[in-house]
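Remarks on the structure that follows.
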Amino acid sequence: MKIRTLRIAALIAMFACEAAHALTVPESSPQDKHLQVVPFTSDVIAVQGKVGMMTRIRFGEGETVMDYGMGDKSAWTVKYSGNQIAFVPKAVDGDTNLLVVTNRHEYWFSVAMSADSFELAQQPDESSKKKRASAKKAHLPTTWQLNIDYPLAERQAVAASDPKVKAVKAKARFESAFERAKREGRLDADYGYIGPDELLPTAAYNNGELTFILFPSTIALPQVYEKGVDGVESRVASHMEGDMLVVHTVARKLIIRRGRLAGCLIDGQFNPSGANTNTYTISPDVQRVLNPAGEEAKAGEEAR
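Numbering (mature numbering (1 follows the signal peptide of the UniProt record, and there is no 0)) for the sequence shown: -22 to -1, 1 to 282.
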């Protein structure tokens, strides 16, 4: 923690010593001038403070504020949580710079208490040059909330990495493949499960050679074992393909273990002599786990 603090302090000092920096002034919302937005940038971002007013900066979804540094911490009360940081001035002359470090980016801010510190860019209007020459210049209003607007590519990447989004896409992919294989009559997805919910797969199927198992993205992957004719369990080789655990065998019963938890995945159409050929037979691209309540007792007996 000390190393990080020293790093922040060093960056603050470097920033203070540099002669000039590009400054980006946020735009105010049409509904409320105190609610502002600024495009993501490596430049310094302007923030207009005011005594008695809190300023909150909100970063991207899934972003986490790790640390911050200020040139004059004694003049401010600062709190941060998740993807937000908020600060309130203690002094009238608390002009300072602010560095915020998140798990993705570093942000520089110039925080001013003096009124009319940041001039707003004026839109060109050839028909009113004289009026603009005599008009009072507009300045950034007090910042109550500042949102960072990120490039589309970054927003898409963040959304794609969301476990909930991945789960929805995986489910759609699995259901589409299931229907296709069902029409072609090449499906063996008749699986039952007995065991704790913590190990319950989302889907399972086999293609006669390999067993494909999908687990919820929120749980740690378990190990898969097969019980031999002598009753001894042996771990089965496996690898990952995308979100799926690919087990290098097809068996009537596969034992799933993680720590002290154990469950049993049962193939209701297992054929020891080869692939099943009826409507629900072999498919290389379909997956589903069936755990109907009516078959749990039967599955429990088979697991034992």
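In this text, a Cβ means the ideal position worked out from N, Cα and C, and glycines have one as well. Only a predicted model underlies this, so the values are computations on that prediction, with no experimental measurement involved.
- Short of 7 Å from the beta carbon of Arg235, and not among the five residues preceding or following it, lie these beta carbons of its own chain, in chain order: Pro200, Gln201, Tyr203.
- In the three-state scheme derived from DSSP, where H, G and I count as helix and E and B as strand, Val43 is classed as strand.
- Bounds of any alpha helix (DSSP H) do not take in Arg34; it lies within the beta strand (DSSP E) bounded by 33 to 36.
- In this structure Phe248 is not in contact with Leu223, their Cβ atoms being roughly 19 Å apart against a cut-off of 8 Å.
- Residue range 130 to 139 is occupied by the alpha helix (DSSP H) that includes Leu130.
- DSSP places Ser6 in the strand class (E or B) of the three-state scheme.
- Uninterrupted beta strand (DSSP E) stretches at least 3 residues long and entirely within the region 158 to 233 occur at 169 to 172, 181 to 184, 189 to 192, 201 to 205, 211 to 213, 216 to 219, 222 to 225, given in chain order.
- Sixteen is the threshold: when 16 or more other Cβ atoms of the shown chains lie within 10 Å of the Cβ of Asn185, as they do, the residue is buried.
- If you draw a straight line from the Cα of Asp73 to the Cα of Ser95, it is about 10 Å long.
- Its chain contains Pro4, Gln14, Val15, Val16, Ile23, Val25, Thr33, Arg34, Ile35, Arg36 as the residues whose beta carbon lies nearer than 8 Å to that of Leu124, once the 5 sequence neighbours on both sides are disregarded; these appear in chain order.
- Nearest in C-alpha terms to Thr180, of all of Arg213, His12, Ile191, is Ile191.
- Nearest neighbour of Leu239 by Cα position, chosen from Gly30, Ile172, Ala93, turns out to be Ile172.
- Nearest in C-alpha terms to Thr42, of all of Val78, Ala131, Ser52, Phe18, is Val78.
- Rounded to the nearest angstrom, the gap between the Cα atoms of Ala215 and Ala229 is 13 Å.
- Residue burial annotation: Met48 is buried, with at least 16 other C-beta atoms found within 10 angstroms of its C-beta.
- With 16 or more neighbouring CB atoms inside 10 Å of its own CB, Thr121 falls in the buried class.
- As DSSP reads the structure, Met48 sits in a beta bridge with Leu76.
- The alpha-carbon separation between Gly40 and Ser20 amounts to approximately 19 Å.
- Cβ contact annotation for Thr55 (same chain, cutoff 6 Å, sequence separation greater than five): Val66, in chain order.
- For Asp127, the enclosing beta strand (DSSP E) begins and ends at 123 to 127.
- For the pair Gly27 and Ala90, the CB atoms are nearer than the 9 Å cut-off.
- Partner residues in the beta bridge of Lys57, as assigned by DSSP, are Ala64.
- Here the alpha carbons of Ile63 and Glu219 stand approximately 39 Å from one another.
- Contact annotation, Phe87 with Leu76: C-beta distance approximately 4 Å; criterion of less than 8 Å satisfied.
- Looking at Leu130, Asp10, Ala167, Thr196, the one whose alpha-carbon comes closest to that of Lys142 is Thr196.
- Relative to the Cα of Leu1, the nearest Cα in the group Pro174, Val70, Glu176, Leu118 belongs to Leu118.
- Here Ala24 is bridged, per DSSP, to Ser88.
- Asp140 counts as exposed, since fewer than 16 other C-beta atoms from the protein chains shown sit within 10 angstroms of its C-beta.
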